[in-house]
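Per the working numbering: the sequence shown = residues 10 to 203. The C-beta atom is built at its ideal place from N, Cα and C for all residues, glycine as well. From a predicted model like this one, the values you see are computed outputs, not experimental measurements. Structure, as structure tokens:
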Amino acid sequence: MKTARFRWMVLAGLSFGLLAGCVRQKERASSVSARFSALALQGKRVFEEKHCAECHTTGTARADSVAPDLSNPFLANDSMFVQTHLKFVERTKMPPLKLSDKEIRLLSYYVAELHRAQNETVSEAEADARCPVCYAPVKKEKALADDLFVSYLGTHYYFECEQCLETFRQAPEAFIELFRQYESDMGGDGAAMR
């Protein structure tokens, strides 16, 4: 009798542990998805449909990777480079891809937000600004305190990390244009988030 009861307790404990593990894994997956905008999630779908993960990683090291990790801040912070690279893919080492302009933009949002997902400092609800490079939600007060802002042509821009600020300073007009495109694709003018 004690053996049967012991087995039942062990099985119940294991079942509970497995269930808890599955719930935590599901929460982790939804937490990661919650960090991406709807546009970036569409870009992630394009990434998966075009089998980009066969060559690229997205933050997880892989020995057989033959192409850059797309969460690398220098790639992730440069939507302009990503869009240009994908538009003229035949001139690169990448395999030929047929991508529409919209798919290219969506992929660039996904790549930009890979950096955002790893560096996000405030929630969307707390944010009163958005990084014009990786589109991360930003709290103006925190950006000002951390000296992560710049004024350009009479407009203030706020950043969640030093890498985004430095990248913006290299080509402000280009990032302002990409940011406007992102805001337009998101369905608003975004003026309240600057």
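query	result
Between which two residues does the beta strand (DSSP E) carrying Val159 extend?	158 to 161
Helix, strand or coil: which one does DSSP assign to Val91?	helix
Output the distance between the C-alpha atoms of Glu171 and Leu115, rounded to the nearest integer angstrom.	24 Å
Pick from Gln190, Gly52, Cys173, Leu174: whose alpha carbon is nearest that of Leu108?	Gly52
I think Glu99 touches Pro105, with their Cβ atoms under 8 Å apart; what is that distance to the nearest whole Å?	6 Å
Expressed to the nearest angstrom, what Euclidean distance is found between the alpha-carbon atoms of Ala152 and Glu192?	20 Å
Rounded to whole angstroms, what is the Cα-Cα separation between Gln34 and Arg44?	Unreliable placement is indicated for Gln34, whose pLDDT of 33 sits below 50; no coordinate value is reported for it.
What does a CB cutoff of less than 6 Å around Cys140 pick up in its chain, not counting 5 residues either side in sequence?	Val147, Phe168, Glu169, Cys173
Using DSSP with H/G/I as helix, E/B as strand and the rest coil, what is Val55?	helix
So if DSSP puts Val147 in a beta bridge, which residue, or which two residues, is it bridged to?	Ala138
Alpha carbon to alpha carbon, what distance is there between Ala138 and Val131?	10 Å
How long is the line joining the alpha carbons of Thr101 and Lys59, rounded to whole angstroms?	17 Å
Could you tell me whether the Cβ atoms of Tyr144 and Ala121 are closer together than 8 Å?	yes
Can you pull the DSSP bridge partners for Thr164?	Tyr161
Go through its chain and collect everything with a Cβ distance to Tyr166's Cβ below 7 Å, but skip five positions before and after it.	Pro141, Phe158, Val159, Phe177, Arg203
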